[in-house]
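Engineer: Residue numbers (numbering that gives the first Met the number 0): 0 to 752. Cβ coordinates follow ideal geometry from the N, Cα and C atoms, glycine included.
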Amino acid sequence: MEIFKNRPLALACCAFALFSVLALLFNAFWTLLFAGVALLMLILFVAFYSIRKKACFFRFSLICLAILTALLSSFCFFDLHYRGYQDLIGEECLVEGVVIKRRIDKPYENVLLAEIHSINGSVCRADVYLKFPYASALQPGDRFSVTGMASAFESEHGYNEEQYALADGVLLCITCEESDRCQLLESEVPSLRVLLAKWNKRVSYGLESSVKGEEGKLASALLLGTREHLSDLTVLQFRRTGISHLLALSGLHVSILIAFLEFLLRKLRVPKSVRIVGIFAVALFYLFFTGASPSTTRAVLMLGVLTLGYLVNAQYDSFTALSCVLVLILLITPYSVLDIGMWMSFLAAGSIIVFMPILQNTREYFYEKWKGPRVLFFALFYVVSALFVGAVANMGLMLFQALAFREFSLASVPATFLLSFPVSVLLVLSIFTLVLPWLAPLTAWVGRLILVVAEHASEYEAVLLPLGDAISTGCLFFLTLSMLWITVTKRKHALASCALPLILSIATVVSSVAVSNLSNDGVCVTVVHESGGELLLFTQHTQSVAIDFSDGTATGGAAIAEYAYHQRCTVLDDLILSHYHNRDTYFLRSFASKILVKRLHLPPPQNDWERAVAMRLEEEAESYGIEVVYGIGELAIPELQISTMERYDFQGNRHMAFLFAAEINGRRLTYVNGSILDSGLQETALRIICDTEIFVLGDTGYSTSSNAMFSYLALTEVERILLTDQKLCAMLPSGFETFEIPTWESPEIFFLK
Numbered sequence: 000m001e002i003f004k005n006r007p008l009a010l011a012c013c014a015f016a017l018f019s020v021l022a023l024l025f026n027a028f029w030t031l032l033f034a035g036v037a038l039l040m041l042i043l044f045v046a047f048y049s050i051r052k053k054a055c056f057f058r059f060s061l062i063c064l065a066i067l068t069a070l071l072s073s074f075c076f077f078d079l080h081y082r083g084y085q086d087l088i089g090e091e092c093l094v095e096g097v098v099i100k101r102r103i104d105k106p107y108e109n110v111l112l113a114e115i116h117s118i119n120g121s122v123c124r125a126d127v128y129l130k131f132p133y134a135s136a137l138q139p140g141d142r143f144s145v146t147g148m149a150s151a152f153e154s155e156h157g158y159n160e161e162q163y164a165l166a167d168g169v170l171l172c173i174t175c176e177e178s179d180r181c182q183l184l185e186s187e188v189p190s191l192r193v194l195l196a197k198w199n200k201r202v203s204y205g206l207e208s209s210v211k212g213e214e215g216k217l218a219s220a221l222l223l224g225t226r227e228h229l230s231d232l233t234v235l236q237f238r239r240t241g242i243s244h245l246l247a248l249s250g251l252h253v254s255i256l257i258a259f260l261e262f263l264l265r266k267l268r269v270p271k272s273v274r275i276v277g278i279f280a281v282a283l284f285y286l287f288f289t290g291a292s293p294s295t296t297r298a299v300l301m302l303g304v305l306t307l308g309y310l311v312n313a314q315y316d317s318f319t320a321l322s323c324v325l326v327l328i329l330l331i332t333p334y335s336v337l338d339i340g341m342w343m344s345f346l347a348a349g350s351i352i353v354f355m356p357i358l359q360n361t362r363e364y365f366y367e368k369w370k371g372p373r374v375l376f377f378a379l380f381y382v383v384s385a386l387f388v389g390a391v392a393n394m395g396l397m398l399f400q401a402l403a404f405r406e407f408s409l410a411s412v413p414a415t416f417l418l419s420f421p422v423s424v425l426l427v428l429s430i431f432t433l434v435l436p437w438l439a440p441l442t443a444w445v446g447r448l449i450l451v452v453a454e455h456a457s458e459y460e461a462v463l464l465p466l467g468d469a470i471s472t473g474c475l476f477f478l479t480l481s482m483l484w485i486t487v488t489k490r491k492h493a494l495a496s497c498a499l500p501l502i503l504s505i506a507t508v509v510s511s512v513a514v515s516n517l518s519n520d521g522v523c524v525t526v527v528h529e530s531g532g533e534l535l536l537f538t539q540h541t542q543s544v545a546i547d548f549s550d551g552t553a554t555g556g557a558a559i560a561e562y563a564y565h566q567r568c569t570v571l572d573d574l575i576l577s578h579y580h581n582r583d584t585y586f587l588r589s590f591a592s593k594i595l596v597k598r599l600h601l602p603p604p605q606n607d608w609e610r611a612v613a614m615r616l617e618e619e620a621e622s623y624g625i626e627v628v629y630g631i632g633e634l635a636i637p638e639l640q641i642s643t644m645e646r647y648d649f650q651g652n653r654h655m656a657f658l659f660a661a662e663i664n665g666r667r668l669t670y671v672n673g674s675i676l677d678s679g680l681q682e683t684a685l686r687i688i689c690d691t692e693i694f695v696l697g698d699t700g701y702s703t704s705s706n707a708m709f710s711y712l713a714l715t716e717v718e719r720i721l722l723t724d725q726k727l728c729a730m731l732p733s734g735f736e737t738f739e740i741p742t743w744e745s746p747e748i749f750f751l752k
């Protein structure tokens, strides 16, 4: 296929993209050193070209120029511009600016995205996070003056806030602890960015009000990009089904809208030149109106290249246009190199462009041999084309998804094929609904169809394939190499050569399924320690059970979901709450937004307050499609037999004493927290500990009575003791030489066979 043959500009653009990524691995010294080498090579090849006039010297000069530009662009942004803002961390800053949108709204915390215009009196323009540990009244479009501490980005539970924030162009965090240090300023003429954000919000709420329910939020997300309005359950279902790309504004959405607009203008008999320029102008407005996501930017800029080619009567080459658009985005916004969504968009589009000639050649070959009705041929070929495009795009992204997300949905291709037409219809109906609200019931019906398909597809446990093991990663590596080999080499039988990537992709699926179901013969026990207490995770093959002993800290759900994925479980079959804690809805949401939860086990309520909390939890669980069970009942892992699970409430004290004992394949495990010896469960706990083999002592409610616990343990035959807090180490008496402290970085994980 020789994709780079007669495409020197595309080759140089790909070199630019490659070194933009590699520059992230270099420090300032190495970046400048490689830039100097690229400059010397550029001078050398330009000199050779001026003497010999050979095309190869021109290509090498273009590549060196692209590499030099990529390295210098990265250095100027990351090592100079961004570093200047990071140097302010730890200092008190006075910033003035305007609120763009509210990012997180909680009763105890607000995070806002803002554009600042000055910092400590110096004029600047940058996006920052404003963090308030209280409910802030600032709204999008408000001008403000805030005195706060410049703080570093937070990263916990596998979430790198700095990377995701910087990928959106956010350069700093400003934390304001006191409300009187935040002032509302008189409004000036708002910027175009703020105006467009306000209009987008107004139109989004208008569409959602007309269509109503989750269907209205889906229509708004597809047309206007307001994904944050969707429920966590819908986002999780789309992710498990592998159709999250349908929610993100992309070339699919832009092409549908362009085709619709083209159809209308043709009916109005608008001249072609006016039609092309007008469509690009509308697409450009749509780009900025919806927030200029990377995938939408790619589609609109490629349309711009096509428009420019028509105006200057130049031939359009899709792969060169795609490469140039990528370079243009990275030059204007160098931080986009960290945007995972942008790379997925370009990789998928590039894979389709590269392999599309194979499909076209196949079509011509079979069209000549077809003896049946032509209508049937085109109908069949439409189905084959849709499946081929989906398969090629997914094969091009599989290695990237394995490295970035460690998962792949087996339903991605068929679900995309089934929903492409309903999504197109919903987009067009959403436009009409804005003008003709009486169409809202029809729009809602199409939206409900899409949601039902995503819901049913996501319910299958095996639909989400865990990736990241050595075998499947190796298969994906060779899959990517085979696709690159097909891309850059000339093959006489290109269709036959596609069999190798197909075989490797099937091998990836088979190996991942085998690893998930054959590698773990016993029950894996993971002790997760959070700031609010402990959680236990039991996994076997693809089955998982989580037990909560924490105070309801929302981060516990993120931690359990992360470790379940480490153990190749994409579904949490049973979530058992040991007690009712205050932040119950946040706690349940932290689970359900990260991993599909099937059953929620609640303790029988003991008073009116607990009954009220149980009712709220039932309502919350119903919105996530979670079955509620009171008591332990039957669990997904038969080898896990819970013998004791009790709690003791201290009067006038928010702490509780917990006692948990289970038998796993004949091995006994016991968990208690530090308050157990001060509770009414002391006698029962000491009797159970005598027969246990693995003992976990939690830090929730720890006290000086832990000394007595350690002294008692010295008289037992406990094989392993796990401590979950550093403070407990000081209480260890002599004779305990080894102990483990589970943390997020290195939790205590062991197998019981």
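Under the rule that 16 or more other beta-carbon atoms within 10 Å means buried, what is residue 96, buried or exposed?
Structural biologist: Classification for residue 96: buried.
Engineer: Taking all protein chains shown into account, do 16 or more other C-beta atoms lie within 10 angstroms of the C-beta of residue 543, making it buried, or fewer, making it exposed?
Structural biologist: Buried, since its Cβ has 16 or more Cβ neighbours within 10 Å.
Engineer: Relative to the alpha-carbon of residue 613, which residue among 636, 587, 421 has its alpha-carbon at the smallest distance?
Structural biologist: Comparing Cα-Cα distances from residue 613 to each of 636, 587, 421, the minimum goes to 587.
Engineer: Grab the span of the beta strand (DSSP E) containing residue 465 for me, first residue to last.
Structural biologist: Run containing residue 465: 463 to 465, per the beta strand (DSSP E) assignment.
Engineer: Hey, out of 662, 679, 635, whose CA is closest to residue 782's CA?
Structural biologist: Any question about residue 782 goes unanswered here, given that the chain covers just 0 to 752.
Engineer: Taking C-alpha atoms, which residue in 341, 440, 469, 349 lies nearest to residue 2?
Structural biologist: Looking at the Cα atoms, 349 is the closest of the given residues.
Engineer: So which of 79, 49, 110, 19 has the shortest CA-CA distance to residue 65?
Structural biologist: That would be 19, whose Cα lies nearest to the Cα of residue 65.
Engineer: Report yes or no: do the region 284 to 301 and the region 341 to 355 share at least 3 C-beta pairs separated by less than 8 Å?
Structural biologist: Result yes; three or more Cβ-Cβ pairs closer than 8 Å.
Engineer: If you drop the 5 nearest sequence neighbours on each side, which residues of the same chain put their C-beta closer than 6 Å to that of residue 626?
Structural biologist: Here the set comprises 598.
Engineer: Report back the beta-carbon spacing between residue 214 and residue 443 to the nearest angstrom; my notes put them in contact at under 8 Å.
Structural biologist: With 8 Å as the limit, residue 214 and residue 443 qualify as a contact, their Cβ atoms being about 4 Å apart.
Engineer: Compare the Cα-Cα distances from residue 304 to each of 288, 325, 238 and report the closest residue.
Structural biologist: Comparing Cα positions, the closest option is 325.
Engineer: Let me check understanding here. Comparing Cα to Cα, which of 500, 566, 557 lies closest to residue 540?
Structural biologist: Answer by Cα proximity: 566.
Engineer: From residue 329 to residue 120, what distance separates their C-alpha atoms?
Structural biologist: One C-alpha to the other measures close to 30 Å.
Engineer: Considering only C-alpha positions, which residue in the set 633, 127, 683, 192 is nearest to residue 167?
Structural biologist: Of 633, 127, 683, 192, the residue nearest in Cα terms is 127.
Engineer: For residue 525, which three-state DSSP category applies?
Structural biologist: Strand at residue 525.
Engineer: Who are residue 147's beta bridge partners in DSSP?
Structural biologist: Paired residues: 92.
Engineer: Between the beta-carbon of residue 527 and the beta-carbon of residue 558, is there less than 8 Å?
Structural biologist: For residue 527 and residue 558, yes; Cβs fall inside 8 Å.
Engineer: So within the region 533 to 621, which uninterrupted alpha helix (DSSP H) runs reach at least 4 residues, ignoring any that extend past its ends?
Structural biologist: Counting whole runs of 4 or more residues, the region 533 to 621 contains the alpha helix (DSSP H) stretches 554 to 565, 583 to 591.
Engineer: On the CB-based measure, 16 or more other CB atoms within 10 Å of its CB, does residue 523 come out buried or exposed?
Structural biologist: Residue 523 should be labelled buried.
Engineer: DSSP puts residue 628 in a beta bridge; with which residues?
Structural biologist: Residue 628 pairs with 600.
Engineer: Please classify residue 693: does DSSP put it in a helix, a strand, or coil?
Structural biologist: Here residue 693 sits in strand by DSSP.
Engineer: How many angstroms separate the CA atom of residue 298 from the CA atom of residue 605?
Structural biologist: Each residue's alpha carbon lies about 58 Å from the other.
Engineer: Please state whether DSSP places residue 703 in a helix, a strand or coil.
Structural biologist: Confidence in residue 703 is poor, its pLDDT being 47 and thus under 50, which makes the residue's placement unreliable; the coordinate value appears in the next sentence. Reduced to three states, the DSSP call for residue 703 is coil.
Engineer: Measure the alpha-carbon distance for residue 367 versus residue 378 and round it to whole angstroms.
Structural biologist: Straight-line Cα distance between these residues: approximately 16 Å.
Engineer: Report yes if the CB atom of residue 249 is closer than 8 Å to the CB atom of residue 184, and no otherwise.
Structural biologist: Not a contact, by the Cβ cut-off of 8 Å.
Engineer: Using CA coordinates, which residue listed in 470, 497, 261 is at the minimum distance from residue 401?
Structural biologist: When each option's Cα is compared against that of residue 401, the closest is 470.
Engineer: What does DSSP give as the partner residues of residue 183 in its beta bridges?
Structural biologist: DSSP, once it has assigned bridges, lists 143 as partnering residue 183.
Engineer: Between the Cα of residue 255 and the Cα atoms of 430, 434, 87, which residue gives the shortest distance?
Structural biologist: When each option's Cα is compared against that of residue 255, the closest is 430.
Engineer: Name the two residues that bound the continuous beta strand (DSSP E) containing residue 672.
Structural biologist: 666 to 672 is the span of the beta strand (DSSP E), which, as asked, contains residue 672.
Engineer: If you check the beta carbons only, do residue 374 and residue 389 fall under 8 Å apart?
Structural biologist: Contact flag unset, no.
Engineer: Residues in the same chain with beta-carbon distance under 6 Å from residue 11, minus the five sequence neighbours each way, listed in chain order, please.
Structural biologist: 61, 62, 65.
Engineer: Among residues of its own chain, excluding the 5 on either side of residue 742, which ones have a beta-carbon nearer than 7 Å to its beta-carbon?
Structural biologist: Its pLDDT being 45, under 50, residue 742 is placed unreliably by the model, and nothing is read from it.
Engineer: Tell me where the alpha helix (DSSP H) around residue 109 begins and ends.
Structural biologist: First-last for residue 109: 108 to 118, but that is the beta strand (DSSP E), not the alpha helix (DSSP H).
Engineer: Pick out the complete beta strand (DSSP E) segments inside the region 369 to 439, 3 residues or longer, and give them in chain order.
Structural biologist: Taking only runs of at least 3 residues, the beta strand (DSSP E) segments lying wholly in the region 369 to 439 are 406 to 408.
Engineer: Determine the DSSP secondary structure at residue 172, reduced to helix, strand or coil.
Structural biologist: Residue 172: strand per DSSP, three-state reduction.
Engineer: Any idea if residue 630 is buried or exposed, counting beta-carbon neighbours within 10 angstroms, 16 or more meaning buried?
Structural biologist: Exposed: under 16 other Cβ atoms inside 10 Å.
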